Amino acid sequence: MCDTPEAIKGVPVKILIKFKLFIAGKKMHDKKTWVSVGDETNIQVLYGLTSFEDFQQKVAAACKTGPIILKSMASHNPTMEWLATIVRAPNFLKKDKYQLMSWSHYKLWLETAVNTNKAKTGKAGRLGSMTVRLLAERQMG
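Position 116 of the sequence shown, counted from 1, bears residue number 116 in this note's numbering, the numbering being contiguous throughout.
Next up, the structure:
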């Protein structure tokens, strides 16, 4: 059974951030090459209290690829896709390619994470073995 958004407001959600960016590397023999820049870290947000914009800023601050993330966020044509997953949660599996494009997408993702975990462990917010992931993968250049 799912709790209402108000009932889970303030529940901490631990998020595993994984970025895989492809940026233009040195040209070899007049051919553009793509270099992978990876990053992995964890952040914590509070459901219903951490805004989508604050979440994006936290991600940028936590990652060594932060300047690239901030540049994409400031662009009118974002160069990144923010893909969110939740292990064993329908509609949030890696194959579903759920994109965080707005506050409502972000809110639904976190609400699902909290309620999926509560159904599994009986405790909202305690993620245990469940991984909530944000993936950004995009070719830039």
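For each residue, glycine too, the CB sits at the ideal point set by N, CA and C. Here the structure is a predicted model, which is why all the values come from computation and not from measurement.
*So, Phe92 versus Trp109, is the Cβ gap smaller than 8 angstroms?*
Less than 8 angstroms separates the beta-carbon of Phe92 from that of Trp109.
*For Pro67, the three-state DSSP class (helix, strand or coil)*: Three-state result, Pro67: helix.
*Around the C-beta of Glu6, are 16 or more other C-beta atoms found within 10 angstroms, so that it is buried, or is it exposed?*
By the 10 Å Cβ count, Glu6 comes out exposed.
*Pick from Val114, Asn115, Asn117 and Leu16 that is closest to Ala62, judged by C-alpha positions*: Looking at the Cα atoms, Leu16 is the closest of the given residues.
*Using alpha carbons as the reference points, say which of Pro12, Lys64 and Gly10 lies closest to Lys18.*
When the alpha-carbon of Lys18 is set against those of Pro12, Lys64 and Gly10, the nearest one is in Lys64.
_Strictly by DSSP, which residues pair up with Met39?_
The question names Met, but residue 39 is Asp in the sequence shown. Asp39 is bridged to Phe19.
*Leaving out five residues on either side along the sequence, give the residues of the same chain with a beta carbon under 6 angstroms from the beta carbon of Lys9.*
Cβ neighbours of Lys9 beyond the five flanking positions: Gly48.
_Range of the contiguous alpha helix (DSSP H) that encloses Ala89_ = Looking at the DSSP string, Ala89 is not in any alpha helix (DSSP H), and its letter there is neither H nor E.
_Check this for me: beta carbons of Ala113 and Ile86, under 8 angstroms apart or not?_
Remark: C-beta atoms of Ala113 and Ile86 approach each other more closely than 8 angstroms.
*Verify whether the separation of the beta carbon atoms of Trp82 and Gln99 is less than 8 angstroms.*
For the pair Trp82 and Gln99, the CB atoms are nearer than the 8 angstroms cut-off.
*Considering Val59, what are the terminal residues of the alpha helix (DSSP H) in which it resides?*
Counting along the chain, the alpha helix (DSSP H) containing Val59 begins and ends at Phe52 to Ala62.
*asked:* For Val11, tell me which candidate among Val59, Ala74, Val45 and Glu40 has the shortest Cα-Cα distance.
replied: Selected option, being the one with the closest Cα: Val45.
*Could you check what DSSP says for Val114 in three-state terms: helix, strand or coil?*
If DSSP states are grouped into helix, strand and coil, Val114 belongs with the helices.
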